[in-house]
Structures are given as structure tokens and as C-alpha cells.
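For reference, the structure is listed below as C-alpha cells.
Protein chains in written order, with UniProt numbering: chain A, 1 to 308; chain B, 1 to 350.
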């Protein structure tokens, strides 16, 4: 196991160089002028552009720019935006909000998704089963911004149950509804996957054994059946957590959340190569770590899986 | 049941006390049990009035082809039938005289494992793959007996020792897939013994194992049964496996018991043509080189059991009456019974 983890960590190194290079080149491949519109209504003065080009090494060939950037990055310096803001600082203010939002979304997916899946998997057919099947189909078909705007208007504007937008502090309480919106699609998939998994294992021999041993139904379902059925679901949840950590441009936009998704969006619009590369590299690493964690969790949950 | 206390032919010993207890009140008695499977293709009559009984310290072998209903009977006794499609439509399962089929869910749960325990054919799929063998044994002691983790662990190690798993203290932390087939079945037996059941049902316990291991497991089961004076129900399709350990044999065909007898009489003079045919189809060393005898035809479809005796289409002795009248399950004396119109003739011939 130790060797496996080491190997996975070593794999992060080429991935790090690969993603930083690709993202850096891609941002500069967008055919716009980074200084268009930077100076109000008129074009920027040549002297300003001169200074900025020198400061951000824009005169160098792309590959030289990249290695200069990389050198600073490896010392922990994420660089500055054109406006002189520290990218490291932007990330450190935006990222905690995104992490909170992602955690809430995954928690909602897990609790509601697995709960609904277990209930319907145990007794397929019937009212509850149909209700869950139809409502999950509904959630899967709806684009996130529709779910977002509908909840914002109904809960926030008409019923005044929540504040329609999230404050700068972005507390856990404020993020519950946005988290639900963000997690709703995966929640539907989690519910369906759990349902299938439970229905499949419900008649398994080991469940019959647990009943024959005289275990109470609660334990048969909650321990023997669930533990076996939840393994594929946790993979889905883990991968989803990794993906949601990457920010949610649409959900953040709808609820005016200052998260990482918004920063990337602005960064791409303004051709802020340093900002975009910094954030995306971080997100790729987070995603890779999350999937490593899922793989390790897999081995813990199913002892038949061995990595050595 | 024969009168002899020591049965020389099988080398098994039936204590007089056990015999008396059996006649007064059997430990487990199944009476006229009927189960049907309601499927899309129609209703399959899987059990059509099964009756047998097991007494303290007695080993009953239930013998039959696949689909004869022997496992379904056991599952109905344990209350682990999958409903739907299986429905119990009649009969009683009496444990110490109490009809379990009429008992509520809590009572049935209390009897499982404690009064009647069961071991299954394929221990690999019957054990939970994601929990250690120790956990699965200790769980019963903790949940049903309220033991602490430490006490349950100690008792579980004792149980694994009892079924002679070497290095029990170490292996208790392993998972089922780390055990060999034979060891897994031993662990399964240990698990079934955790709550000291009075009746143990073994559903084809050796079918998934290779021959040398089969014999070891059968010996182990017989030994545990003797030591604990348990009632043991051995479900099998293999006459050879049970001949040494069973006291009595009940032969099942198409959801009915067609013959019941002590092992010795059954082998010497079968009281039903089906039993006779089963015995003839056993491979024999002295007939080496000759074609193996088989029973012609197939067991009837349970959605469409033929009228009269269900065996008559395959029976060498079949007469007109067999196609019209279901033979009664008649006692022939000496504890024997057979559901054949010509049971008497068979006996006098034998």
C-alpha cells in the first residue's frame, strides 16, 4: 500500500508540468489583446503597454515566459494580475468559499441521494419509488441555472426564506441552498446508483445469511447490505467532490458567490494568464488528490481490492 | 424409526433418551408445508405438503434432485424465503410445539441462530465479503447476547478452534476471501454455532468443496452434532455423502416427501421406486466399465405437475392408478413411510 501511494504521488509531478504548460499556452492562444479596454474609453498609451510587457515578460517567446513563470511558481510565488493584485491572495480568499460550497453540495448529495436510494432500492415499485424516479429524472434534465434561478426566486424573493444572494462572508448557512443547487444533478445520480446497487444486493447470499443469523433488520440493511452497496456510490461522490472543488461558475454566478469559479471566468475574459494557470493547476492537483483518496478509500471499504 | 439402539450398518448411535424425547415431542416438526412461487409464467407449486420431524440428537438427511424443494423447505423453516415470489400457503413449522409460521417477526428473529441455525452451500457468497470472519461471528454474540467486544472476540476464537481452523487467533482478523474453501465452510459452521442452536440445518454444506474436504466437513458436522446433541438436518443431493452420518433419510421429489426411512432400511430395501432408482444410479466399483445407470426423463415442471403420482412418467413400476390418484404417504411400520401405491409390493420383493 505504501509503495502504491508513493507511486501515485510521483505521478503528480509530470501531471503538474503538463497541466501548467498546456493551460499557460492555451490562455495565450486566445486571440485577444490583454490590454484592450484596460484604460477606459481610449486605447492604452504606448508607454504603459511598454512597461507592462516588460513586467510580465510578454516580449519573450512563449516557452521562455512559461519557464520564468514556472520558476517563480516553484518558489511559491503565484505572480500578480495585470492590476497588481497577488494571485496567491486572490486564491486564498476565494478558495475557502468554494471548498465550503463543494462540501455542502457533496454532503447533500450523500445524505439525500443515499437515503432516497436505500428507501426505494429496498422496495422497488410503489409510490415512493415512482416519486424518486420522476424527481431524479426532473433534476437530471434541468440545467443547473434553471434550478438555481427557480429556488432563488421562490425561496429568496417570494417566500423570503433565504437571502437571494450570498454575502461576502459566505457562511455555511447561506450556502445550503446554493449547495443544493450545485449538488442536485449528482444527487439524482447518487440516488439512482444507490437504488440499483441496493436492489441488486438485496437478494445476495450474504444478506440472507445475516437474516438467518438472527440479526435485526436494521443491522441487516444498515450494516450488511449498505456497506456492500455503497462502494460504487462513494466513488461517484469522491470524484464529484474533486470536480466541485474546481468551482461552479454557473451556481456562483446565480447566487453571487465569490468563489474560484468566478475568478477563473474573469481571468479567461481578461487574458490573465498567470491567474488562470495558477488556479487551474491548483484545481488539477486537488482533483488528483481527491481521486487518489477515493482509490484508497475503495481498498478500505472493499478488502478484496489490493494495490500491491 | 427402527428399534435398534445401535445401528450397526451406519455405525451411528441413537440414545434411548433421544428416542423417548423424539416420540414425546419432536424438536422441530414440519407438517404439510406448502409453498408456491408466483412468477410471471404462472404459479409454481414448489412444496406440496412436506412433513418431517427432527428430534434431539438426531440427524435427518433430506435427499432430492435440484428443484425438489429441499432447500425451499429449509428456507421456509428459517423464514428467509424471498417473498415475493415465494409464498407459504399452508402447513406448520413447529419448534418445541410452537408454530413459527404464526409467530411475529420479533419472535422469528429470536429463534434464528439461537433455536435453529443454518449453514449454506457456498460459503464464499454466503459470508459478507467486506467484513472479517471475526466480525461476522462476534456480531451475533454482541447483538444477541450483549457481550462486550473483548468477550465476543475470545468466544469467537474458541469457536474457530472448535471447528479446527489452525491459527484461529490470527485468522479471525482475515476476510472470507483469504480463506480456502474448506476453511471458509468451517468458519461458516463456527458462525452457526455461536448462539448454541438446538437445530442446525446444513444446506448442501459440502457441494462446493472437493472430495477430501467434503469428508472432513461431514465428519466435523457429525462430531459437533454428537457432542452438542443437536438436531441436524442435512440437505443434499448426494446419497454417498450422508450415508455415514444420517440416522434417517427423507427423500423428496417434486415438492413432496416420497419416502422416509432409517438409513439402513432405505439402502437395504427402498420403499419407493424413485429411491430405488437413485440407489441404482450410484456409481459402483463392481460395475466398472459398464454404463452408469440413470433415471430416465426429467423431474416435472413445478408449474405443471402431472396428475396422480408426480413420478409416474419416469417410473418403471407405473400402472394406471399412478396416473390418476396421488398416492398417500403411508406408514409401513418400523418407522418407515412411503408415498407409492406399490410400497407394500416393493417391501415384500426387497
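For every residue, glycine included, the Cβ atom is placed at its ideal position computed from N, Cα and C.
Quantities reported herein were computed from a predicted structural model and do not represent experimental measurements.
Neighbouring residues, chain B, relative to residue i (Cβ below 9 Å)
i, result
"residue 335 of chain A", "Outside the displayed range of chain A (1 to 308) lies residue 335 of chain A, so it cannot be described from this structure."
"residue 228 of chain A", "128, 129, 130"
Spatial neighbours of residue i in its chain, beta-carbon cut-off 7 Å, leaving aside the 5 residues before and after
i, result
"residue 207 of chain B", "121"
"residue 321 of chain B", "341"
"residue 224 of chain A", "206, 207, 210"
"residue 176 of chain A", "104"
"residue 326 of chain B", "308, 309"
"residue 66 of chain B", "237"
Closer than 8 Å at the beta carbon, the chain B residues around residue i
i, result
"residue 201 of chain A", "Those do not exist, as residue 201 of chain A stays about 10 Å from chain B at its closest Cβ, beyond 8 Å."
"residue 295 of chain A", "Result: empty, since nearest Cβ-Cβ is about 16 Å, beyond 8 Å."
"residue 205 of chain A", "120, 122, 125, 126"
7 Å Cβ cut-off: residues of chain B touching residue i
i, result
"residue 301 of chain A", "130"
"residue 224 of chain A", "128"
"residue 208 of chain A", "80"
Boundaries of the beta strand (DSSP E) in which residue i is found, first to last residue
i, result
"residue 47 of chain B", "42-54"
"residue 352 of chain B", "Absent from the structure is residue 352 of chain B, since the part of chain B shown begins at 1 and ends at 350."
"residue 330 of chain B", "330-333"
"residue 112 of chain B", "Per DSSP, residue 112 of chain B belongs to no beta strand (DSSP E) and is neither H nor E."
"residue 231 of chain B", "231-236"
Closer than 9 Å at the beta carbon, the chain A residues around residue i
i, result
"residue 112 of chain B", "211, 212, 213, 214, 215"
"residue 195 of chain B", "213, 214"
"residue 177 of chain B", "303, 304"
"residue 224 of chain B", "The premise fails here: residue 224 of chain B is roughly 17 Å from chain A at the closest Cβ pair, so nothing lies under 9 Å."
"residue 191 of chain B", "209, 213"
Distance between residue j and residue i (C-alpha atoms, nearest Å)
i, j, result
"residue 132 of chain B", "residue 191 of chain B", "12 Å"
"residue 130 of chain A", "residue 119 of chain A", "12 Å"
"residue 62 of chain B", "residue 276 of chain B", "16 Å"
"residue 247 of chain B", "residue 111 of chain A", "55 Å"
"residue 144 of chain A", "residue 181 of chain A", "7 Å"
"residue 99 of chain B", "residue 31 of chain B", "10 Å"
"residue 227 of chain B", "residue 233 of chain B", "16 Å"
"residue 239 of chain B", "residue 241 of chain A", "58 Å"
"residue 125 of chain B", "residue 290 of chain B", "38 Å"
"residue 162 of chain A", "residue 114 of chain B", "55 Å"
"residue 46 of chain B", "residue 315 of chain B", "21 Å"
"residue 217 of chain B", "residue 250 of chain B", "21 Å"
"residue 220 of chain B", "residue 189 of chain B", "9 Å"
"residue 154 of chain B", "residue 108 of chain A", "41 Å"
"residue 215 of chain B", "residue 187 of chain A", "52 Å"
"residue 21 of chain B", "residue 55 of chain B", "Note that residue 21 of chain B has pLDDT 47, beneath the 50 cutoff, so the model's placement of it is unreliable and the number below is only indicative. Rounded to the nearest angstrom, the two C-alpha atoms are 7 Å apart."
"residue 83 of chain B", "residue 245 of chain B", "33 Å"
Residue nearest to residue i in terms of C-alpha spacing, selected from the options
i, options, result
"residue 108 of chain B", "B/137, B/86, B/75", "B/75"
"residue 346 of chain B", "B/35, B/124, B/179, B/267", "B/267"
"residue 86 of chain B", "B/224, B/111, B/129, B/37", "B/37"
"residue 111 of chain B", "B/263, B/344, B/196, B/236", "B/196"
"residue 49 of chain A", "A/239, A/83, A/62, A/264", "A/83"
"residue 262 of chain B", "B/57, B/243, B/273, B/300", "B/243"
"residue 236 of chain A", "A/290, A/255, A/217", "A/290"
"residue 190 of chain A", "A/30, A/71, A/140, A/201", "A/140"
"residue 19 of chain A", "A/294, A/302, A/303, A/283", "A/283"
Start and end residues, alpha helix (DSSP H) containing residue i
i, result
"residue 158 of chain B", "149-162"
"residue 146 of chain B", "Looking at the DSSP string, residue 146 of chain B is not in any alpha helix (DSSP H), and its letter there is neither H nor E."
"residue 240 of chain A", "226-244"
"residue 17 of chain A", "2-29"
"residue 90 of chain B", "Not the alpha helix (DSSP H): residue 90 of chain B falls in the beta strand (DSSP E), residues 86-95."
"residue 303 of chain B", "Taken as a continuous stretch (DSSP letters only), residue 303 of chain B belongs to no alpha helix (DSSP H), as it is neither H nor E."
Cutoff 8 Å; reference residue i; Cβ partners in own chain excluding five residues on either side
i, result
"residue 5 of chain A", "292, 296"
"residue 221 of chain A", "118, 122"
"residue 299 of chain A", "1, 305, 306, 307"
"residue 161 of chain B", "168"
"residue 283 of chain B", "292"
"residue 101 of chain A", "170, 175, 178, 179, 182, 244, 248, 251, 252, 257, 259"
"residue 33 of chain B", "47, 49, 50, 51, 73, 76, 88, 90, 91, 92, 93"
"residue 331 of chain A", "This structure leaves residue 331 of chain A out entirely; chain A is present only between 1 and 308."
"residue 287 of chain A", "242, 243, 245, 246"
Close beta carbons around residue i, own chain, < 6 Å, minus the five adjacent residues each side
i, result
"residue 186 of chain B", "163, 165"
"residue 203 of chain B", "71, 74, 120, 121, 235"
"residue 133 of chain A", "none"
Under 7 Å from the C-beta of residue i: neighbouring residues of chain A
i, result
"residue 147 of chain B", "Simply none; closest approach about 15 Å."
"residue 230 of chain B", "What residue 230 of chain B touches in chain A: nothing, since even the nearest Cβ is about 16 Å away."
"residue 109 of chain B", "214, 216"
Closer than 8 Å at the beta carbon, the chain A residues around residue i
i, result
"residue 238 of chain B", "Within chain A, no residue comes near residue 238 of chain B; the closest Cβ sits about 21 Å away, beyond 8 Å."
C-beta neighbour in chain D for residue i, strict 9 Å
i, result
"residue 105 of chain B", "Looking for chain D here will not work: the only protein chains present are A and B."
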